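Visitor: One structure follows; several queries about it will come next.
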Amino acid sequence: MPTVKPEEKSREHHPLPLGVLWDHIDMAVLALDNQLIVQNTNAASERMFGKTSRWMLGQSIETLLPGYPVALDLIQRAQSLNMPFRSRSTQIAPAPDRLLSVSLTVVPLRNADGLVIGTLLQLDETGNSERLEAGERLNETLDSLGFLAISVAHEVKNPLAGIRGAAQLIEMQSPNPATTTCTQLIRSEVDRISRLLDSLLGLADNLPIMEKETNIHEILNHVIKVIGPRDPEPICDFDPSLPFIRGDRDQLVQLFLNLLHNAYEALRAHANPTLHILTRISDRIRFEQGRRHKQI
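Residue numbers (numbering that gives the first Met the number 0): 0 to 295.
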């Protein structure tokens, strides 16, 4: 009687039942025949679809995934070309009240003769690893954009400093009051744009909003000067009894600059337009544009 050597005993193995291995796969797996009828399922597929294995067996994949042709298209391509196919991100609704993002993989099943006898459909719910990868890609993109933004900001701020210095030099050398008014306006806007760039780039994250008592008419007059001569010239009707308001001057200037630019853009489609800027104590805002009696 032959004896079994110790090293041969160590090579002995006891295969685990396939059903145990099948149910320990984390992703949902469905085995389909060539008519797309479910022949095998695992525990993960029961959890995903909220159905028992007994209920799913014998069902068509169209019954399990109604209205979602991506899976059917992948299965048909896998069967016709005899090769695996994958869709990295697909929306499915395994139940009426559940919408999932999954990775779909279809693998042809062949018999010993190499003939396709069905397909293996794998549905892996997009989880933390995929979201982490997407987050890392987004962070890399944001880092690149941030570097580009900082570079552009420096390219913008350098000439701004030169403009401010030139305006200050002209103001010192010219006794003309009109010139002084223009150079002060230039320096004020250069400083505001510089602060805006710092804020947009996150260089002034901890800078508080500079709220203080502000004369709304002074801001509107400043904005009109910044806009410069335009056609039509704004017709101002300010209520001198209006009290001061609390606000950040830079942000208010930007707000009214945007409004005034938008107003002029809207007037370009009208012949002989007029532009009125009024201040009143009211609980509503009214814009007027165009010909007489046309109001917004």
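Ideal Cβ placement from N, Cα and C applies to all residues, glycine included. None of the values given here were measured: they were computed from a predicted structure.
#1: Look up Ser240 in the DSSP assignment and say whether it is helix, strand or coil.
#2: Comparing C-alpha positions only, which one of Ser59, Val115, Asn41 sits nearest to Pro83?
#3: Can you have a look at Arg267 and say buried or exposed, based on whether 16 or more other CB atoms are within 10 angstroms of its CB?
#4: Thinking just about the alpha-carbon of each residue, which of Gly164, Thr62, Leu254, Pro68 is nearest to the one in Leu195?
#5: Please state if the CB of Met26 and the CB of Ala43 are separated by a distance shorter than 8 Å.
#6: Please list, in chain order, all residues of the same chain as Ala166 whose beta carbon is under 6 Å from its beta carbon, the five residues on each side excluded.
#7: I need the boundaries of the alpha helix (DSSP H) containing Glu217, first residue and last residue.
#8: Roughly how many whole angstroms lie between the Cα atoms of Asn257 and His221?
#9: For Glu101, which of Ile162, Thr89, Pro93 has the nearest alpha-carbon?
#10: Across the segment 71-78 and the segment 95-110, are there enough close Cβ pairs to call them in contact, namely three or more that are closer than 8 Å?
#11: Assign Val155 to one of two classes, buried (16 or more other C-beta atoms within 10 Å of its C-beta) or exposed (fewer than that).
#12: Starting from Gln38, follow the beta strand (DSSP E) in both directions and report where the run begins and ends.
#13: Please look up how many angstroms separate the CB atoms of Met236 and Leu277, rounded, as I've assumed it's under 8 Å.
#14: Assuming Ile226 and Leu251 make a contact with CB atoms under 8 Å, what is their CB distance in whole Å?
#15: Taking the alpha carbon of Thr118 as the point to measure from, which residue in Leu147, Arg97, Leu71 has its own alpha carbon closest?
#16: Does DSSP put Gln183 in a helix, a strand or coil?
#17: So, helix, strand or coil for Ala203, using DSSP?
#18: Drop a sphere of 10 angstroms on the beta-carbon of Met47, count the other beta-carbons inside from all chains shown, and report buried for 16 or more, exposed for fewer.
#19: Exposed or buried, Gln121, counting other C-beta atoms within 10 Å across all chains shown (16 or more means buried)?
#20: Would you mind working out which of Asp238, Asn110, Gln38 sits nearest Trp54, comparing C-alpha positions?
#21: Label Glu188 either buried or exposed according to how many other C-beta atoms from any shown protein chain fall within 10 Å of its C-beta, with 16 as the threshold for buried.
#22: CB Pro93 to CB Gly57, shorter than 8 Å?
#23: Exposed or buried, Ile244, counting other C-beta atoms within 10 Å across all chains shown (16 or more means buried)?
#24: Figure out for me which residue from Asn110, Leu35, Leu80, Arg85 has the closest Cα to the Cα of Leu64.
#25: Would you mind stating whether Glu210 and Asp247 have Cβ atoms separated by less than 8 Å?
#26: If you draw a straight line from the C-alpha of Ile280 to the C-alpha of Asn157, how long is it?
#27: Starting from Thr125, follow its DSSP beta bridges and name the residues at the other end.
#28: So, helix, strand or coil for Glu232, using DSSP?
#29: Given a cut-off of 8 Å, decide if Ile60 and Leu31 are closer than it, judged by their beta-carbon atoms.
Guide: Looking at the coordinates:
#1: Numbered from 1 along the sequence shown, position 241 holds the residue referred to as residue 240. Three-state DSSP puts Ser240 in coil, outside helix and strand.
#2: What you label residue 83 is simply residue 84 of the sequence shown in a count that begins at 1. Cα-wise, what sits closest to Pro83 is Val115.
#3: As a working mapping, residue 267 is identified with position 268 in the sequence shown. Exposed, since its Cβ has fewer than 16 Cβ neighbours within 10 Å.
#4: On the sequence shown, position 196 is the one that residue 195 refers to. Nearest option by C-alpha distance: Leu254.
#5: Here the question's residue 43 lines up with position 44 in the sequence shown. Here the question's residue 26 lines up with position 27 in the sequence shown. Closer than 8 Å, so yes.
#6: For the purposes of this step, residue 166 is taken as the residue at position 167 of the sequence shown. If we look at Ala166 and ignore the five residues flanking it on each side, its Cβ neighbours are Thr182, Ile185, Arg186.
#7: What you label residue 217 is simply residue 218 of the sequence shown in a count that begins at 1. Glu217 -> alpha helix (DSSP H) spans 215-226.
#8: Taking the first residue of the sequence shown as position 1, residue 257 is located at position 258. Taking the first residue of the sequence shown as position 1, residue 221 is located at position 222. Distance between the alpha carbons of Asn257 and His221 is about 13 Å.
#9: Residue 101 sits at position 102 when you count from the first residue of the sequence shown. It should be noted that the sequence gives Val, not Glu, for residue 101. The residue with the shortest Cα to Cα distance from Val101 is Thr89.
#10: yes
#11: In the sequence shown, the residue the question calls residue 155 occupies position 156. The residue is exposed, with fewer than 16 neighbouring Cβ atoms inside 10 Å.
#12: Mapped onto the sequence shown, residue 38 falls at position 39. Unbroken beta strand (DSSP E) run through Gln38: 37-40.
#13: Translated into positions along the sequence shown, residue 236 becomes position 237. Translated into positions along the sequence shown, residue 277 becomes position 278. As written in the sequence, residue 236 is Asp, which differs from the Met given in the question. Yes, Asp236 and Leu277 are in contact; Cβ-Cβ is about 5 Å, under 8 Å.
#14: The residue you call residue 226 lines up with position 227 of the sequence shown. The residue you call residue 251 lines up with position 252 of the sequence shown. That pair is no contact at about 15 Å.
#15: For this step, residue 118 is matched to residue 119 along the sequence shown. Selected option, being the one with the closest Cα: Leu71.
#16: Counted from its first residue, the sequence shown places residue 183 at position 184. Note: Gln183 maps to helix in three-state DSSP.
#17: By 1-based counting over the sequence shown, the position of residue 203 is 204. Residue confidence for Ala203 is low, a pLDDT of 45 falling below 50, so the modelled location carries little weight; the figure read from the coordinates is stated next. If DSSP states are grouped into helix, strand and coil, Ala203 belongs with coil.
#18: Counting from one through the sequence shown, the residue named residue 47 turns up at place 48. Burial call: buried.
#19: On the sequence shown, residue 121 is found 122 positions in, with the first residue counted as 1. By the neighbour-count rule (16 or more Cβ atoms within 10 Å), Gln121 is buried.
#20: What you label residue 54 is simply residue 55 of the sequence shown in a count that begins at 1. The residue with the shortest Cα to Cα distance from Trp54 is Gln38.
#21: Indexing the sequence shown from 1 puts residue 188 at position 189. Buried.
#22: For the purposes of this step, residue 93 is taken as the residue at position 94 of the sequence shown. For the purposes of this step, residue 57 is taken as the residue at position 58 of the sequence shown. No, these two residues do not count as a Cβ contact at 8 Å.
#23: The residue given as residue 244 occupies position 245 in the sequence shown. Counting Cβ neighbours within 10 Å, Ile244 comes out exposed, since fewer than 16 surround it.
#24: Looking up residue 64 in the sequence shown gives position 65. With distances taken between Cα atoms, Leu64 lies closest to Leu35.
#25: Position 211 of the sequence shown holds residue 210. Position 248 of the sequence shown holds residue 247. Yes, Cβ-Cβ distance for Glu210 and Asp247 is below 8 Å.
#26: The residue you call residue 280 lines up with position 281 of the sequence shown. The residue you call residue 157 lines up with position 158 of the sequence shown. About 42 Å.
#27: Here residue 125 refers to the residue found at position 126 when the sequence shown is read from its first residue. Bridge partners of Thr125: none, in fact.
#28: Here residue 232 corresponds to residue number 233 of the sequence shown, with the count starting at 1. In this structure, Glu232 counts as coil in the three-state DSSP scheme.
#29: Taking the sequence shown and counting its residues from 1, the one referred to as residue 31 is at position 32. Taking the sequence shown and counting its residues from 1, the one referred to as residue 60 is at position 61. A contact, by the Cβ cut-off of 8 Å.
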